[in-house]
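J.:
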Amino acid sequence: MLLARAGISVLAVDRAAFGSDTLSTHFLWPRTTGLLAKWGLLEAVAASGCPPIEQVTADYGPVALKGRPSAVDGTAAMYCPRRTVLDRLLVEAARGAGAEMRDETTFRELLREGSRARGVRLQDKDGNVREVCSRLVVGADGLWSPVARAVGAATDVEHETLTCGYYAYWSGVPTSGVEFYVRQGSDILVFPTHAGLTCIWAGRARGAWEAYRGDVEGTYHGILALAPGLAQRVVKGARATPFRGTSKLPNFYRRSAGAGWALVGDAAYHRDPLTGMGIGDAFLGADLLATAVLGGLGDGDARLDDLLDGRLADYQTEFRRRTQPVFDYTVRAAGLADPSSALPLYARIAESAEDTTRFMDVLAGALPFKDFFNPVNLSHLMRR
Ligand SMILES: Cc1cc2nc3c(=O)[nH]c(=O)nc-3n(C[C@H](O)[C@H](O)[C@H](O)COP(=O)(O)OP(=O)(O)OC[C@H]3O[C@@H](n4cnc5c(N)ncnc54)[C@H](O)[C@@H]3O)c2cc1C
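Throughout, this note's numbering is defined as the position within the sequence shown, counted from one, plus 126.
(1) In whole angstroms, what separates the C-alpha of residue 466 from that of residue 131?
(2) Whole angstroms are fine: how far does the CA of residue 486 sit from the CA of residue 227?
(3) Can you tell me whether residue 405 sits near ligand 1, meaning its C-beta is under 7 Å from at least one heavy atom of the ligand?
(4) Identify whether residue 210 lies in helix, strand or coil by the three-state DSSP scheme.
(5) For the beta strand (DSSP E) that residue 327 lies in, which residues bound it at each end?
(6) Any contact between the region 303 to 312 and the region 345 to 362? By contact I mean 3 or more CB pairs, one from each, below 8 Å.
(7) Assuming residue 249 is part of the beta strand (DSSP E), what are its boundary residues?
(8) If I follow the unbroken alpha helix (DSSP H) through residue 307, where does it start and stop?
(9) If you draw a straight line from the alpha carbon of residue 224 to that of residue 133, how long is it in whole angstroms?
(10) Using 7 Å as the cut-off, classify the Cβ of residue 210 as near or not near the heavy atoms of ligand 1, replying yes or no.
(11) Report yes if the C-beta of residue 128 is less than 7 Å from at least one heavy atom of ligand 1; otherwise report no.
(12) Within 7 Å: the Cβ of residue 158 and any heavy atom of ligand 1?
(13) Between the C-alpha atoms of residue 128 and residue 297, what's the straight-line distance to the nearest angstrom?
(14) Report yes or no: do the region 311 to 323 and the region 281 to 296 share at least 3 C-beta pairs separated by less than 8 Å?
(15) Could you tell me whether any non-hydrogen atom of ligand 1 is closer than 7 Å to the CB of residue 303?
(16) Based on Cα-Cα distance, which residue from 276, 503, 189 lies nearest to residue 389?
(17) Based on Cα-Cα distance, which residue from 407, 209, 183 lies nearest to residue 174?
(18) Should residue 234 and residue 215 be called a contact, given that it needs their Cβ atoms to be closer than 8 Å?
(19) Looking at ligand 1, does it come within less than 7 Å of residue 216, judged from the CB to the closest heavy atom?
(20) Heavy atom of ligand 1 less than 7 Å from the Cβ of residue 451, yes or no?
(21) Is residue 378 close to ligand 1? I mean its beta-carbon at under 7 Å from any heavy atom of the ligand.
(22) So residue 371 is in the beta strand (DSSP E); what residue range does that whole segment cover?
(23) With a threshold of 8 Å, are at least 3 pairs of Cβ atoms found where one atom belongs to the region 194 to 212 and the other to the region 135 to 144?
(24) Taking 8 Å as the threshold (C-beta atoms), are residue 244 and residue 384 in contact?
(25) Between residue 379 and residue 282, which are expected to be in contact by the criterion C-beta below 8 Å, what is the C-beta distance as a whole number of angstroms?
(26) Going by the DSSP bridge assignment, what does residue 441 pair with across the sheet?
(27) Looking at the structure shown, is residue 377 part of a helix, part of a strand, or coil, going by DSSP?
(28) Using a threshold of 8 Å, state whether the C-beta atoms of residue 494 and residue 451 are closer than that.
(29) For residue 266, which residues from the same chain have a beta carbon less than 7 Å from its beta carbon, with the 5 sequence-adjacent residues on both sides left out?
(30) Among the residues of its own chain, which have a CB less than 8 Å from the CB of residue 151, if the five just before and after it don't count?
(31) Look up residue 173 in the DSSP assignment and say whether it is helix, strand or coil.
(32) Counting pairs of Cβ atoms below 8 Å between the region 168 to 186 and the region 246 to 261, do you hit three or more?
(33) Across which residues does DSSP place residue 317 in a beta bridge pair?
(34) Rounded to whole angstroms, how far is the Cβ of residue 191 from the Cβ of residue 476, which I believe are closer than 8 Å?
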């Protein structure tokens, strides 16, 4: 969308049908809605009937913090739109900007000229194969990125999967905005979404996966029982969808720029979903990559390949600089450590609206963890 708006000729393909669902919850912090606003798409999300989220609850058992994070670039809105809605909206915006959008079309192979990517071989749902030449190939093709495999992009920062879990949509479960519950070895994430439904994720430490998948319903409700007030609301509601779950939630950066190619979104960088950053990171990557490409394509002269490759390398550097604090915080949070030693601190934070907002800014990925949880600030908080 961003490149097409700038007049670049763009072909975007997806092997899935546009508007199909994907394995993901879909909470958007202000860092994510801020980019939708910048691109002129936030109003369409609001108009889709998705309830605005006015409050975030971070519940650690005896202590719960309630508030909301600060605005990012003037946008404080939070939503949890179904991916069937959000993804379709993005596809239509790209099409409206002039990009050629083709679904049910699979990337099969990279075309090369020496060591440079020069295009792709695609296959449509009827089996027809088509070759497309291009100055740039972008793999926005998710965690298992076939484009990354084709270019041989290695992962160079890696932590193992730390959590696993299942989610389902419920009707008749009222919420106070989004609700996060953190317990030792478990987490619960509650998101109101379209059509009066509430998406509820119940997560466990990765080591519990075999037991969880052996008894999904029992384990799921066992986790919800750690938050009795929520469990009581769920008992009065009705499950509207099957459970969906995963234990494949690695934490890594992948090399994401090379000769005529780039990776963006989960293909470039994957982190545990419990902090709800993935869509925002994909948007941030798209924004930075589009800026880099526009600065590097020159006038289409292939002699400018070095300029393009340099800009792509800058994109990778800037993307990692911007996301590293959230990555570090996510890996820490995904450890699902016993929160009890931090309860006195959380209680202190909860006494101040200003500190609660700053704490929410950490959760929202807008304030680096170390800028809040450092010895100077912590001793100030405890002495206040
Ligand atoms: C359980 C869970 C909960 C999550 N919750 C949240 C949340 O609350 N908030 C949040 O911000 N993020 C969340 N995320 C993360 C978020 O889903 C991802 O970060 C986001 O979808 C990344 O977008 P993407 O476009 O990079 O990848 P994807 O959404 O995975 O899209 C990749 C696309 O590539 C296509 N593709 C793959 N291979 C090919 C091929 N060979 N040819 C053509 N197309 C291909 C796929 O069909 C797919 O449509 C969650 C993730 C999980 C797993």
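Cβ coordinates follow ideal geometry from the N, Cα and C atoms, glycine included.
T.: The short version:
(1) Position 340 of the sequence shown, counted from the first residue, corresponds to residue 466. Position 5 of the sequence shown, counted from the first residue, corresponds to residue 131. CA-CA distance, residue 466 to residue 131, rounds to 50 Å.
(2) Stepping through the sequence shown from its first residue, residue 227 is reached at position 101. Stepping through the sequence shown from its first residue, residue 486 is reached at position 360. A straight-line Cα-Cα distance of about 37 Å links residue 227 and residue 486.
(3) Indexing the sequence shown from 1 puts residue 405 at position 279. Yes, ligand 1 has a heavy atom inside 7 Å of this Cβ.
(4) Mapped onto the sequence shown, residue 210 falls at position 84. Residue 210: helix per DSSP, three-state reduction.
(5) What you label residue 327 is simply residue 201 of the sequence shown in a count that begins at 1. Looking at the DSSP string, the run of the beta strand (DSSP E) that includes residue 327 is 323 to 331.
(6) The region 303 to 312 is in contact with the region 345 to 362.
(7) Counting from one through the sequence shown, the residue named residue 249 turns up at place 123. Start and end: 242 to 250.
(8) Working through the sequence shown from its first residue, we reach residue 307 at position 181. That residue, residue 307, is in no alpha helix (DSSP H); its beta strand (DSSP E) goes 304 to 309.
(9) Here the question's residue 224 lines up with position 98 in the sequence shown. Here the question's residue 133 lines up with position 7 in the sequence shown. The alpha-carbon separation between residue 224 and residue 133 amounts to approximately 8 Å.
(10) Walking along the sequence shown from the start, residue 210 turns up at place 84. Of the heavy atoms belonging to ligand 1, none sits nearer than 7 Å to the Cβ of residue 210.
(11) By 1-based counting over the sequence shown, the position of residue 128 is 2. Checking the Cβ of residue 128 against ligand 1 gives no.
(12) By 1-based counting over the sequence shown, the position of residue 158 is 32. Yes, the Cβ of residue 158 comes within 7 Å of a heavy atom of ligand 1.
(13) On the sequence shown, position 2 is the one that residue 128 refers to. On the sequence shown, position 171 is the one that residue 297 refers to. Taking the straight line joining both Cα atoms gives about 37 Å.
(14) The region 311 to 323 vs the region 281 to 296: in contact.
(15) For the purposes of this step, residue 303 is taken as the residue at position 177 of the sequence shown. Checking every heavy atom of ligand 1 against the Cβ of residue 303, none is found closer than 7 Å.
(16) For this step, residue 389 is matched to residue 263 along the sequence shown. Closest option to residue 389, Cα to Cα, is 276.
(17) Taking the first residue of the sequence shown as position 1, residue 174 is located at position 48. For residue 174, the nearest C-alpha among the options comes from 209.
(18) In the sequence shown, the residue the question calls residue 234 occupies position 108. In the sequence shown, the residue the question calls residue 215 occupies position 89. Contact annotation: residue 234 and residue 215 have beta-carbon atoms that are not nearer than 8 Å.
(19) Start at 1 with the first residue of the sequence shown, and residue 216 comes out as number 90. Shortest gap from the CB of residue 216 to any heavy atom of ligand 1: 7 Å or more.
(20) Stepping through the sequence shown from its first residue, residue 451 is reached at position 325. For residue 451, the CB stays at least 7 Å from every heavy atom of ligand 1.
(21) In the sequence shown, the residue the question calls residue 378 occupies position 252. Residue 378: no, Cβ never under 7 Å from ligand 1.
(22) Here residue 371 corresponds to residue number 245 of the sequence shown, with the count starting at 1. In the DSSP assignment, residue 371 falls within the unbroken beta strand (DSSP E) covering 370 to 372.
(23) With a cut-off of 8 Å, the region 135 to 144 and the region 194 to 212 do not count as touching, because too few Cβ pairs lie within range.
(24) For the purposes of this step, residue 384 is taken as residue 258 along the sequence shown, with counting starting at 1. For the purposes of this step, residue 244 is taken as residue 118 along the sequence shown, with counting starting at 1. No. Outside cutoff.
(25) Residue 379 sits at position 253 when you count from the first residue of the sequence shown. Residue 282 sits at position 156 when you count from the first residue of the sequence shown. The Cβ separation is near 6 Å, so the contact holds.
(26) Indexing the sequence shown from 1 puts residue 441 at position 315. DSSP lists no beta-bridge partner residue for residue 441.
(27) Numbered from 1 along the sequence shown, position 251 holds the residue referred to as residue 377. Correct three-state label for residue 377: strand.
(28) Along the sequence shown, one-based indexing puts residue 494 at 368. Along the sequence shown, one-based indexing puts residue 451 at 325. Result yes, Cβ atoms of residue 494 and residue 451 sit closer than 8 Å.
(29) Mapped onto the sequence shown, residue 266 falls at position 140. Here the set comprises 390, 391, 393.
(30) In the sequence shown, counting from the first residue as 1, residue 151 sits at position 25. Same-chain partners within the cutoff: 206, 293, 315, 317, 325, 327, 399, 402.
(31) In the sequence shown, the residue the question calls residue 173 occupies position 47. Note: residue 173 maps to helix in three-state DSSP.
(32) No: fewer than three Cβ pairs fall under 8 Å.
(33) For this step, residue 317 is matched to residue 191 along the sequence shown. Partner(s): 325.
(34) Locating residue 191 in the sequence shown gives position 65, where the first residue counts as 1. Locating residue 476 in the sequence shown gives position 350, where the first residue counts as 1. At roughly 5 Å, the Cβ-Cβ gap stays under 8 Å, so residue 191 and residue 476 are in contact.
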